[in-house]
Amino acid sequence: MNAPPDPQLAERADRQAQVVRALEAVLPAHALLWQREDTTPYECDGLTAYRQRPLVVVLPETEAQVQAVLRACHALDVPVVARGAGTGLSGGAMPHALGVTLSLAKFNRVVKLDAVARTAVVQCGVRNLAISEAAAPHGLYYAPDPSSQIACTIGGNIAENSGGVHCLKYGLTLHNVMKVRGFTAAGEPVEFGSAALDCAGLDLLSVVIGSEGMLAVAVEVTVKLVPKPMLARCIMASFDDVRKAGDAVAAVIAAGIIPAGLEMMDKPMTAAVEDFVHAGYDLSAEAILLCESDGTPEEVEEEIGRMSEVLRAAGATAIAVSRDEAERLRFWSGRKNAFPASGRMSPDYMCMDSTIPRKRLADILLAIQEMEKKYKLRCANVFHAGDGNLHPLILFDANDPDQLHRCELFGADILETSVAMGGTVTGEHGVGVEKLNSMCVQFSAAECEQMFALKRAFDPKGLLNPGKVIPTLNRCAEYGKMLVRGGRISHPDLPRF
18 MNAPPDPQLA ERADRQAQVV RALEAVLPAH ALLWQREDTT PYECDGLTAY RQRPLVVVLP
78 ETEAQVQAVL RACHALDVPV VARGAGTGLS GGAMPHALGV TLSLAKFNRV VKLDAVARTA
138 VVQCGVRNLA ISEAAAPHGL YYAPDPSSQI ACTIGGNIAE NSGGVHCLKY GLTLHNVMKV
198 RGFTAAGEPV EFGSAALDCA GLDLLSVVIG SEGMLAVAVE VTVKLVPKPM LARCIMASFD
258 DVRKAGDAVA AVIAAGIIPA GLEMMDKPMT AAVEDFVHAG YDLSAEAILL CESDGTPEEV
318 EEEIGRMSEV LRAAGATAIA VSRDEAERLR FWSGRKNAFP ASGRMSPDYM CMDSTIPRKR
378 LADILLAIQE MEKKYKLRCA NVFHAGDGNL HPLILFDAND PDQLHRCELF GADILETSVA
438 MGGTVTGEHG VGVEKLNSMC VQFSAAECEQ MFALKRAFDP KGLLNPGKVI PTLNRCAEYG
498 KMLVRGGRIS HPDLPRF
C-alpha cells in the first residue's frame, strides 16, 4: 500500500517551482541551482553538525543580478541567506529550508588599490589573504588575519567582524574597513561609511559590521591598508602551569606593552599542532604563549627585551625568540593550523568562541578541564589571549547522537561560564544558530527586543538570514525552563528565568 503524500514535501515543491520561475526571469540558467545534487553542497558552513538543504541556490555575477534576486525574493516573501566561502563556524550561512542561498563567490575582483591613500576597494567575495597579496608590491597589507584567511572572504569577515592573531594591535574588521556598499532586503542600494575618516549621519557602519547578514547584503568593501613592518620577531614562552601563563598575559598588558600578537595554546593543542606542522613547540609545557613584536629594528629589539623580562618574572620555564623570518613563520604556523590539526585527532570538532577578561584565562581553562570530565569529551584550547577571545575545540563524533548532544551541552557550559566570569558568548565567530540559546543567558527579553527592532528598521519583513543570531522570547523562556529542570543554572550571577 502506497504511503500518503507528505504535505510538507508538496509545499516545498510548489514553493520551489514558484521561486525558480521568478528567478529564471532575472538570472542566466547556469547561475540558478535547485536540483538536489546541486544544492546539497550548500547545506552547511564550517559548522557541519547542523545541516539544511536550501530551496534554491543562486550565483549572480553582477550587482544588477544581486539586486534583481533580492527584489524577486522580497516580492514573494522568500527568505535569503547570503553566503561567501562557507568557512564560518557558527552556522551563520546555514540555509533556510524554504529560502534562497545567495552565493557571492563570483564577486572576487580587487576593483581598485590606491597605494598613496592606503586603501583597496574589493568585491565581497575576495579572499582575505588575496587583499594582502595584491597590496604586497606596494609594501602594504590588510591587517586582520583570521586563521582561515587563505579561504575566507571579506564579505564573511564583514558579517562576523572577524579578527585574527594580530587583532590586539591592529584591530578587528571594524577597525580596518572604511566603507561597505550593498543592497537591503528589498533590493535598494545602500552605503555605509565613506572613503573619508568620518561620514555624515549615524555611524551605521559599526552596526552593519558584525550583523551576520541580517541587515543588508554587502557587494563591495573599501578597506584600509597598513605598511608592512620593517621587522617582526616572535617569542615562544613555555609555562609549567596554565595559571602562570594566564597571569603572564595580564602582566604583559599591564606593563604597557601592546604586542602585535599574543596567543596562547594549552598542552593538548600544542601536541596536536606540533605533530601536524612541526613548528618546534615545547611539548613538555602545560601552555605556551606566542608574543610578537613588529616595527623598526630598534623598536622590536627594545620591545622583545621588555616582554622577555615580563614573561620570565611571570614564571616562564623557557623562552625562544625567532632568529629570522622563516623561524617566525614556523612559530605561527602551529597557531594558524590549530583547527586542521584538531581535525586529525577526532572525526569532528566544535569550535566555541567566547570572550572573558584576561585575568580569568586560567580560571576558564581549569573550568574547561572539569567540563571534560563532566561531559566525557576531550577539548583542546587556543586563545587570542591578548583580548581574552577563547577558541576551545570540543572533539566528538557527529555520527553518535549522544556525543553530539554532550558536545552541545559542553559548548553551552563554556559560553555560560564565560558570561559568569564577566565575558560574552561570542568574540569573532558570530552567533549564527550555534549560540542562540546562550544569547538567552546573556541578554534580557528587553535587550533582545531592541535587537529585533534594529533588524526591523533595515528588514521589515525579516527575510535576511531569519531565525539566527537573535533568540525569540519563546525560545528564551523554553531554554530557561530547560536549565532549571536540568539543574544547569549554577552560577549565582546568571539570570533566572
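Per the working numbering, the sequence shown starts with residue 18, numbered consecutively.
We put the beta carbon where it would ideally sit given N, CA and C, even for glycine.
Computed from a prediction, not measured in an experiment: that's the story for all the values here.
Backbone CA spacing between residue i and residue j [nearest angstrom]
| i | j | result |
| --- | --- | --- |
| Pro509 | Gly497 | Summary for Pro509: the model assigns pLDDT 39, below 50, so the residue's position carries little reliability, and this model does not support an answer. |
| Asp341 | Leu119 | 44 Å |
| Val327 | Asn174 | 34 Å |
| Ser455 | Leu490 | 13 Å |
| Gly63 | Pro364 | 14 Å |
| Cys465 | Pro409 | 26 Å |
| Ile270 | Thr334 | 20 Å |
| Phe356 | Ala42 | 42 Å |
| Gly210 | Gln35 | 37 Å |
| Ala415 | Glu451 | 15 Å |
| Leu383 | Val73 | 46 Å |
| Pro163 | Gly156 | 20 Å |
| Leu26 | Val448 | 29 Å |
| Phe5 | Leu346 | Residue 5 lies beyond the stretch modelled for the chain, which goes from 18 to 514, so this question has no answer here. |
| Pro96 | Ala213 | 34 Å |
| Val37 | Leu44 | 10 Å |
| Ser507 | Cys184 | For Ser507, the predicted model reports a pLDDT of 44, less than 50, meaning its position is unreliable and no value from the coordinates is stated. |
| Ala330 | Val317 | 20 Å |
| Arg377 | Ala272 | 18 Å |
| Ile336 | Met369 | 29 Å |
| Asp220 | Thr190 | 15 Å |
| Ser228 | Ala132 | 30 Å |
| Leu307 | Pro24 | 57 Å |
| Glu315 | Lys390 | 48 Å |
| Ala151 | Ala114 | 38 Å |
Nearest to residue i (by Cα), restricted to the options the options
| i | options | result |
| --- | --- | --- |
| Arg32 | Gly173, Val436, Ala42, Trp51 | Trp51 |
| Val243 | Gly101, Gly105, Leu480, Ala153 | Ala153 |
| Gly403 | Glu464, Ile275, Gln467, Ala494 | Ile275 |
| Asn193 | Asn406, Ala494, Tyr158, Thr434 | Tyr158 |
| Ala268 | Glu205, Cys216, Leu64, Gly332 | Gly332 |
| Lys485 | Gly101, Cys216, Ala110, Thr56 | Ala110 |
| Glu78 | Ile270, Val86, Glu387 | Val86 |
| Ser359 | Lys284, Glu54, Leu130 | Lys284 |
| Ala168 | Arg144, Cys184, Ala151, Gly180 | Arg144 |
| Cys457 | Ser223, Ala397, Ala429 | Ala429 |
| Leu397 | Arg361, Ser461, Asp417 | Checking the sequence shown, residue 397 turns out to be Ala, not Leu. The candidate whose alpha carbon is nearest that of Ala397 is Arg361. |
| Lys353 | Asp55, Ala151, Gly180 | Gly180 |
Whether residue i touches residue j by CB criterion (8 Å)
| i | j | result |
| --- | --- | --- |
| Val234 | Ala99 | yes |
| Val240 | Thr136 | yes |
| Gly9 | Gly142 | This structure gives no information on residue 9, because the portion of the chain shown stretches from 18 to 514. |
| Val399 | Gly278 | no |
| Ile411 | Met367 | yes |
| Leu421 | Ala30 | no |
| Phe348 | Cys493 | no |
| Val259 | Glu205 | no |
| Ser165 | Thr104 | yes |
| Phe200 | Gln386 | no |
| Leu232 | Lys472 | yes |
| Ser107 | His446 | yes |
Spatial neighbours of residue i in its chain, beta-carbon cut-off 8 Å, leaving aside the 5 residues before and after
| i | result |
| --- | --- |
| Ile305 | Met253, Ala254, Ser255, Phe256, Ala262, Met281, Met282, Thr287, Tyr298, Asp299 |
| Tyr187 | Ala160, Pro161, Asn193, Val243, Ala277 |
| Leu592 | In the structure as shown, the chain begins at 18 and stops at 514. Residue 592 is therefore absent and cannot be evaluated. |
| Gly230 | Val98, Ala99, Gly109, Ala110, Ala176, Leu481, Asn482 |
| Glu60 | Arg68, Gln69, Arg70, Pro71, Met111, Pro112 |
| Ala48 | Val75, Leu76, Pro77, Glu78, Gln82 |
| Ile321 | Arg250, Ile252, Ser310, Val338 |
Cut-off 7 Å between Cβ atoms - residues of its own chain near residue i, not counting five sequence neighbours on either side
| i | result |
| --- | --- |
| Gly351 | Val290, Glu291, Val294, Ala296, Tyr298 |
| Ser371 | Leu407, Ile431, Leu432, Ser435, Gly440, Thr441, Val442, Thr443, Gly444 |
| Gln140 | Phe124, Asn125, Arg126, Val128, Val236, Glu237 |
| Ile381 | Ile373, Leu407, Thr434, Ser435, Met438 |
| Thr57 | Arg70 |
| Ala9 | Residue 9 is absent from the structure shown; the chain starts at 18 and stops at 514. |
| Leu146 | Gln166, Ile167 |
Any chain C beta carbon closer than 8 Å to residue i
| i | result |
| --- | --- |
| Asp258 | Chain labels in this structure do not include chain C; a single protein chain is all it has. |
beta-carbon residue i near the ligand ADP non-hydrogen atom, thresh 7 Å
| i | result |
| --- | --- |
| Gly116 | Judged by which ligands are present, the structure shown has none, so any question about the ligand ADP falls away. |
Same chain, Cβ closer than 6 Å to residue i, five either side skipped, listed in chain order
| i | result |
| --- | --- |
| Gly312 | Pro246 |
| Ala203 | His91 |
| Glu208 | Arg198 |
| Thr375 | It should be pointed out that residue 375 corresponds to Arg in this sequence rather than to Thr. Val266, Ala267, Gly405, listed in sequence order. |
| Met468 | Ile487 |
| Phe514 | Annotation note: pLDDT 31 at Phe514 (below 50); position unreliable, no value reported. |
| Leu453 | Pro488 |
| Val138 | Val128, Lys129, Thr239 |
- Message: Quick check for students: name the residue ranges of the beta strand (DSSP E) that lie wholly in the stretch 191 to 237, counting only runs of 3 or more.
- Response: The qualifying runs are 194 to 200, 206 to 210.
- What are the complete alpha helix (DSSP H) segments, minimum 4 residues, inside the stretch 393 to 481? Fully enclosed alpha helix (DSSP H) runs of 4 or longer: 418 to 437, 453 to 459, 462 to 475.
- Task: Please go through the stretch 131 to 180 and give each complete alpha helix (DSSP H) segment of 4 or more residues, from N-terminal end onward.
- Result: Entirely contained in the stretch 131 to 180, the alpha helix (DSSP H) runs reaching 4 residues are, in chain order, 145 to 152, 171 to 177.
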